[in-house]
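Novice:
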Ligand SMILES: [Zn+2]
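Below you can see the structure in the form of structure tokens.
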């Protein structure tokens, strides 16, 4: 059943690559597709597989002198977990971007890969002299590839695989962050032991996708953001998180296609946003973008139409924060917008992610 659609999508993308089709698939915005965005119209062939992601990273590593590609550990099923590393000077401030703790939230990974390519171009000239950048795309590669020890039969995506939130052992990796590393799942253990404990990291943006129906003031959001809300976070760490959020908000909100709300998240230290801020004094920001790449609930799944803008939202976020840390402007970022940023709510009261 997937075969016909797959053939169509391949020929369409070939035509687009040749420039023969100019009127296809231009979305109005990241939020403009209304409440029926799901409908199972998800085609996984537009997404990187784990294997094509590894090829892509190795190609960029070979091209980019400033980039180092590091394996930080292995998934339950033995896949190497990769981190792209740009470390010009250990004393520079350092930011970590993390994607796909939840395997079915892949557009942030697509954006991160594109940003890695940008880091190797002249557009970023000089920027990397004053900031270190660590990027882990696809922490949960087993979930992303649907290579798990439980059934995904009721998932909606069309294509050659399903993508799921959990790791192969049916564990939510974003509930592991307050455990001793000896008790963590392998993916979380790799993140903690070989990245968070090894590098002197100042900032983290944890990139996720939520359902499609969250809104503020009657308008669907393209994403929502939140700083750590654990009571154990030091005030200066929280302030850094709020500044990080300010840079993100002020890069997305003026674009016309993006609309951000404040995420309504828990205060438990098992969640990365909280636990990583508490354990390592890293200023963290959760960014929940709209729509998942696969799910068994229709309204969670984004479909195709907004994909371009959601990838762009990721690239814009990464680009703006790297530049603001590099030029020091993050230090004076105005955090007062947080006082008036409306907390999102959901049109069907059924969705959450983080
Ligand atoms: Zn998530």
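Numbering (mature numbering (1 follows the signal peptide of the UniProt record, and there is no 0)), first residue to last: -30 to -1, 1 to 324.
Just so you know, even glycine gets a beta-carbon here, dropped at the ideal spot from N, CA and C.
It should be emphasised that the depicted structure is a prediction, and the values quoted were computed from it without experimental measurement.
1) Cα separation between residue 318 and residue 124?
2) According to the neighbour-count rule (16 or more other Cβ atoms, all chains shown, within 10 Å of its Cβ), is residue 88 buried or exposed?
3) May I have the straight-line CA-CA distance separating residue 178 from residue 36, to the nearest angstrom?
4) If residue 229 and residue 191 are in contact, beta carbons under 8 Å, what's the gap, nearest whole angstrom?
5) Shortest alpha-carbon distance to residue 154 belongs to which of 215, 74, 137, 170?
6) Going by the DSSP bridge assignment, what does residue 232 pair with across the sheet?
7) So residue 256 is in the alpha helix (DSSP H); what residue range does that whole segment cover?
8) Residue 197 to residue 283, Cα distance in whole Å?
9) If we ignore side chains and look at the alpha-carbon of each, how far apart do residue 248 and residue 210 end up?
10) Which of helix, strand or coil does DSSP assign to residue 54?
11) Can you find the residues in the same chain that come closer than 8 Å, C-beta to C-beta, to residue 48, ignoring five residues on each side of it along the sequence?
12) Going by DSSP in three states, residue 201 sits in which element: helix, strand or coil?
13) For residue 294 and residue 15, what's the separation of their Cα atoms in angstroms?
14) Among the residues of its own chain, which have a CB less than 7 Å from the CB of residue -4, if the five just before and after it don't count?
15) Under the criterion of a Cβ to heavy atom distance below 7 Å, does residue 71 qualify as lining ligand 1?
16) Buried or exposed, going by whether 16 or more other CB atoms sit within 10 Å of the CB of residue 235?
Specialist: According to the structure data:
1) Here residue 318 is taken as the residue at index 348 of the chain shown, counted from 1. Here residue 124 is taken as the residue at index 154 of the chain shown, counted from 1. Roughly 21 Å separates the two Cα atoms.
2) Translated into the one-based positions of the chain shown, residue 88 becomes position 118. Residue 88 should be labelled exposed.
3) Taking the first residue of the chain shown as position 1, residue 178 is located at position 208. Taking the first residue of the chain shown as position 1, residue 36 is located at position 66. Distance between the alpha carbons of residue 178 and residue 36: 27 Å.
4) To locate residue 229, count along the chain shown from 1; it is residue 259. To locate residue 191, count along the chain shown from 1; it is residue 221. Correct: roughly 5 Å between the Cβ atoms.
5) One-based indexing of the chain shown puts residue 154 at position 184. The residue with the shortest Cα to Cα distance from residue 154 is 137.
6) Here residue 232 is taken as the residue at index 262 of the chain shown, counted from 1. Answer is 195, 313, bridged to residue 232.
7) On the chain shown, position 286 is the one that residue 256 refers to. Run containing residue 256: none in the alpha helix (DSSP H); it sits in the beta strand (DSSP E), 253 to 260.
8) Along the chain shown, one-based indexing puts residue 197 at 227. Along the chain shown, one-based indexing puts residue 283 at 313. Each residue's alpha carbon lies about 18 Å from the other.
9) Counting from one through the chain shown, the residue named residue 248 turns up at place 278. Counting from one through the chain shown, the residue named residue 210 turns up at place 240. For residue 248 and residue 210, the distance between alpha carbons rounds to 13 Å.
10) The residue you call residue 54 lines up with position 84 of the chain shown. In this structure, residue 54 counts as strand in the three-state DSSP scheme.
11) On the chain shown, position 78 is the one that residue 48 refers to. For residue 48, where only same-chain residues beyond five positions count, there are no Cβ hits under 8 Å.
12) Within the chain shown, residue 201 is the residue found at index 231, counting from 1. Three-state result, residue 201: coil.
13) Position 324 of the chain shown holds residue 294. Position 45 of the chain shown holds residue 15. Near 35 Å, if we compare the C-alpha coordinates of residue 15 and residue 294.
14) Counted from its first residue, the chain shown places residue -4 at position 27. For residue -4, the predicted model reports a pLDDT of 39, less than 50, meaning its position is unreliable; a value from the coordinates is still stated below. So the qualifying residues of the chain are 275, 276, 278, 279.
15) By 1-based counting over the chain shown, the position of residue 71 is 101. Result yes, Cβ under 7 Å from ligand 1.
16) Residue 235 sits at position 265 when you count from the first residue of the chain shown. Flag for residue 235 reads buried.
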